[in-house]
Amino acid sequence: MTSVRSGPRRRWAYQLDVKGSPYLYIAPFFLLFGVVGMFPLLYTAYVSLTDWNLLDPAREWVGPANYAGLLADDYFWNALFNTVSIWLLSTVPQLLAALFIAHMLNRRLRARTLFRMGVLLPNVTSIVAVTIIFAQLFGRDFGMVNWALDLVGLDPIDWQAGTLSSHVAISMIVIWRWTGYNALIYLAAMQTVPEDLYEAARLDGASQFTQFWKITVPMLRPTIIFTAVVSTIGGFQIIAEPLLFQAGTGNPTGGSDRQFQTVGLYLYEQGFSMYEFGYASAIAWTLCMIIVVMALVNFAITRRIRSS
Amino acid sequence: MATVTAVRRGLNLRAVRHGLNPRGAGFWTYAALVAVLLGSLFPIYWSLVVASHDNDAIASVPPVLTPGGHLFENITRVFDTTAFGQAMFNSFLVSGSVTVSVVLFSTLAGFAFAKLRFRGRNVLLVMAIATTTVPQQLGIIPLYILMAELGWTGKLEAVIVPGLVTAFGVFLMTQYLSSAIPDELLEAGRIDGCSTLRLFWHVVLPAARPAAAVLGLFTFMQAWNDFFWPLVVLTPENPTVQVALSSLASGYTTDYALVLTGTVLAIVPIVAVFAALGRQIIGGIMSGAIKG
């Protein structure tokens, strides 16, 4: 280090370091984030108010016309219905199963780490890989699910072709991938529940199930709200699963009759196979608004789970 | 060491089993958990089974459930059919650089937010955190326009640069560093004449290591598994693994063996990381640090 600096100059350098350097440290984040994060967010609003097709240089200001068009667009309403349906079919069973799995994992267990890693493994694998695997499992002719149905004497199902059947299949992918993750979140919360609550309940003769329902669930309320909101935000953005579930084409239509096209997938279709950037941006903003509203509704509903 | 712990736990279990601890797991708990475990593993195991057979085996009834001998032949076919080698390399490059950058910049910004006083600090921090809740899809169109303007569509820059920083990383490091580093330590360093940059290098970075490891791990896995944005902005000629995989699966083909071999190849690196560092990953999730 140079020790020949004069006193005042050194004090000045020190002041500059203390007052100025914090900005240097946060600058990379804010610069990059501003350009690739904030700017696109705000710019989407502008693009959504124009007639912007990538292949057409004329970009007219059309005001709210894209949004008006969206409200009268049957494909959009169809996509919204599919999204809500898949979201409900996946989130509700997923969170319930996660609660029970967490409850089991919360007991004294041998091979604890093995079980925890086992339930989390689906979550670390990629959506693409998982969806491809499930698309084969739910295949019409050689799929293992139909083979298993046949074993128990049921007729095979053309999973991809039906509305409900395709929604169930896609929900299975989501459930498989996220149940273990949510179970670990619940497990963490369960471990903070005071043991003496259970002891008192046992003294009163409460069964395992009563303890679970009257102690564990109410104590976990904040965590349940958190997972429900996060699952909602994720569920409404679902794209990859319906895109890849339609095996063999790479079409963004979500089945031949759009029976499993979600809003996210419709956005992708409009934006990147029709290149209608204005309309796609309007879908993006509408989707964002729906997610915000749904998250709030979700929050309000889950908060009402009774505490004892 | 794991075995020792397990044994000790086993002994405890036996000691308390007789009526003392009703919360110990019984037969049905184990049965149910084993069922859950098998359910979790089966699809991945099954893709390995298919990947190691030729296509005739796939259509057989009942389905084959044990691995066959065609795995390496199928792997060769995957590399011959698609740009899978290129895709693997691209994915490592993207995930690696994104991870290093996110950890470094998050720690830098986290240090400033947690330990330094400056004007506008709270406002800026709240701004950063608030954006973590905004759906990624909202900005995808303008981001694509931006990349097109820069001439980056089809190039890896288009995937790397938007991933270089995350608001979540900054939030995580701010949280961690504000409790992990005592203010006295920094003051002592200052009295000894350390500049803030030297403090960062010699005090903050070593202290940040546990959180940085978890953040790095999650960032790598997320970048490796990321699909939607790479699909939008990259081409099948220069893909990441996930994009290559999707184009492999979306050809007019029923070559299940080929497709599922690709799937296995795409999963292997991430499963290897998970097998080696699963405890940290679970710890990260359980500490509530990792959302979405």
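Keeping their order, the protein sequence lines are chains B and Z.
Residue numbers for the first sequence follow numbering that gives the first Met the number 0, so the first one is 0 and each next one is one higher.
Residue numbers for the second sequence follow numbering that gives the first Met the number 0, so the first one is 0 and each next one is one higher.
Here a beta-carbon is modelled for each residue, glycine too, at the ideal position from N, C-alpha and C.
query, result
"Could you check whether Ala101/B and Met189/B sit closer than 8 Å to each other, using their CB atoms as the reference points?", "yes"
"So Thr130/Z contacts chain B; which residues on that side make the cut at Cβ distance below 9 Å?", "Phe32, Gly36, Met37 and Leu40"
"Whose Cβ in chain B lies nearer than 8 Å to the Cβ of Trp45/Z?", "Ile132, Leu136 and Met143"
"Counting only C-beta atoms, is Gln241/Z closer than 8 Å to chain B at any point?", "yes"
"What did DSSP end up calling Asp55/Z once you bin it into helix, strand or coil?", "helix"
"Under the rule that 16 or more other beta-carbon atoms within 10 Å means buried, what is Arg257/B, buried or exposed?", "buried"
"Return the CA-CA distance between Trp223/Z and Ser94/Z, expressed in angstroms with no decimal places.", "6 Å"
"By the 10 Å Cβ neighbour count, where 16 or more other Cβ atoms means buried, how is Leu244/Z classified, buried or exposed?", "buried"
"Whole angstroms are fine: how far does the CA of Thr231/B sit from the CA of Gly179/B?", "17 Å"
"Is DSSP giving Gly23/Z helix, strand or coil here?", "strand"
"For His52/Z and Ile280/Z, I'd like the C-alpha separation in whole angstroms.", "33 Å"
"Kindly indicate which three-state DSSP category Asn52/B falls into: helix, strand or coil?", "strand"
"My assumption, with CB atoms under 8 Å, is that Leu54/B sits in contact with Tyr274/B. Please give the rounded CB distance.", "5 Å"
"What residues in the stretch 56–75 of chain Z have a beta carbon less than 8 Å from any beta carbon of chain B?", "Ile57, Ala58, Val60, Pro61 and Pro62"
"Here's the rule: buried if 16 or more other CB atoms are within 10 angstroms of the residue's CB, otherwise exposed. What is Lys114/Z?", "buried"
"Determine the DSSP secondary structure at Trp223/Z, reduced to helix, strand or coil.", "helix"
"Can you find a CB in chain B that lies within less than 8 Å of the CB of Leu142/Z?", "yes"
"Pairs of beta-carbons, one from the stretch 99–108 of chain Z and one from the stretch 25–32 of chain B, closer than 8 Å: are there three or more?", "yes"
"Can you tell me which residues form a DSSP beta bridge with Ala60/B?", "Correcting the residue identity first, residue 60/B is Trp in this sequence and not Ala. DSSP, once it has assigned bridges, lists Thr49/B as partnering Trp60/B."
"How close, in whole Å, do the beta carbons of Leu259/Z and Ala50/Z come, if the pair is a contact with beta carbons under 8 Å?", "5 Å"
"Any contact of the stretch 195–204 of chain Z with the stretch 44–62 of chain B, i.e. 3+ C-beta pairs under 8 Å?", "no"
"In this structure, what does DSSP give as the bridge partners for Trp107/B?", "Note on identity: in this sequence residue 107/B is Arg, with Trp being the wrong assignment. Paired residue(s): Gly23/Z."
"Between Ser39/Z and Leu120/B, which are expected to be in contact by the criterion C-beta below 8 Å, what is the C-beta distance as a whole number of angstroms?", "6 Å"
"For a quick check, are the C-beta atoms of Thr218/Z and Thr98/Z less than 8 Å apart?", "yes"
"Given this structure, state the Cα-to-Cα distance separating Phe273/Z from Val123/B, to the nearest angstrom.", "8 Å"
"Does DSSP put Glu198/B in a helix, a strand or coil?", "helix"
"Straight-line CA distance for Tyr66/B to Leu286/B?", "11 Å"
"With a threshold of 16 other CB atoms inside 10 Å of the CB of Ala299/B, please say whether the residue is buried or exposed.", "exposed"
"With 8 Å as the threshold, decide whether the Cβ of Met285/Z is near any Cβ in chain D.", "No chain D is part of this structure, whose protein chains are labelled B and Z."
"So with CB distances below 8 Å, who are the chain Z contacts of Gln93/B?", "In chain order: nothing, as chain Z lies at least about 13 Å away."
"Just the Cα atoms here: how many angstroms apart are Val231/Z and Ala86/Z?", "15 Å"
"Going by DSSP in three states, Glu275/B sits in which element: helix, strand or coil?", "strand"
"From Ser130/B to Val34/B, what distance separates their C-alpha atoms?", "Correcting the residue type first, residue 130/B is Thr in the shown sequence and not Ser. Roughly 33 Å separates the two Cα atoms."
"Work out the CA separation of Gly23/Z and Arg106/B for me, nearest whole Å.", "5 Å"
"Return helix, strand or coil for Arg302/B, following the three-state DSSP convention.", "helix"
"Using CA atoms only, rank isn't needed, just tell me which of Pro221/B, Gly234/B and Ile238/B is closest to Phe226/Z.", "Ile238/B"
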